[in-house]
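One structure is given here, and the rest of the page talks about it.
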Amino acid sequence: MEKISALGLDVGSKRIGVAGCDGLGLMATGLTTIERTSFERDVQQLREWVEQREVQLLVIGLPYASDGTLGSQARQIQKFAKRLAKALQLPVEYIDERLTSVEAEELIKAENRLVSRNKGLIDRKAAAIILQEWLDNRRSDKLGSTNQG
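In case it helps, full-length UniProt numbering puts the sequence shown at residues 1 to 149.
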C-alpha cells in the first residue's frame with residue numbers, strides 16, 4: 001500500500017483547524033488550531049506542519065449550500081485554498097463539509113467536554129472529520145477499482 005501524507009483543513013475566518021493522517025491513510029487525527037492573523041502567518045504555520053509531516057496534499061472542507069451550490073463563504077475558501085496551494089506548492093482537493101462542525105461538537109459533547117469554550121477543539125475535530133471522509137472515499141474508490149475486472 002502506498003504511503004500518503006495529507007493535511008485536512010477546516011478553514012474559517014478566525015481559525016484553521018488542522019488534521020493529519022497516519023502513513024497508511026487509515027486514520028485522521030486533529031493536530032492543531034491556527035489562530036488567523038495574516039495570510040503570510042497562516043502559510044508559515046502550515047508550512048511547518050507540511051515539512052514536519054512530509055505532506056503531499058491538502059484536503060480542504062468546502063461549505064456547500066443546502067442545494068449543493070457554492071455560496072460566498074465557499075468561494076472565499078476556494079480563493080484562500082488556491083493561494084495556499086501556490087504558496088506551499090501542494091495540490092488541493094475539496095470535500096463537502098456542510099455538517100462537520102455540528103458533528104465535531106457532538107463528538108466533543110460525547111467526550112463530556114465543554115463545547116462553548118473549545119472553539120479550537122471544534123475546528124481541529126472538524127478538520128479530522130474532513131480528512132477522514134476524504135481518506136474513506138479514497139480507500140473505497142481504490143477498493144472499487146481493484147474489485148472490477
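Note that CB positions come from ideal geometry on N, CA and C, so glycine has one too. The structure displayed is predicted, hence computed values, not measured ones.
- Sorting Val50, Pro91, Tyr94 and Asp141 by C-alpha distance to the C-alpha of Thr32 places Val50 at the top.
- Rounded to the nearest whole angstrom, the CA to CA distance from Ile129 to Arg41 is 24 angstroms.
- Comparing C-alpha distances from Ile16 to each of Lys86, Lys142 and Gln45 shows the shortest one belongs to Gln45.
- Contact check between the region 78 to 95 and the region 47 to 62: three or more CB pairs, one atom from each, fall below 8 angstroms, which counts as touching.
- Taking a C-beta distance under 9 angstroms as the contact criterion, Leu9 and Val18 qualify as a contact pair.
- Per DSSP, reduced to three states, the secondary structure at Gly120 is helical.
- When DSSP states are grouped into helix, strand and coil, Ala65 belongs to the coil group.
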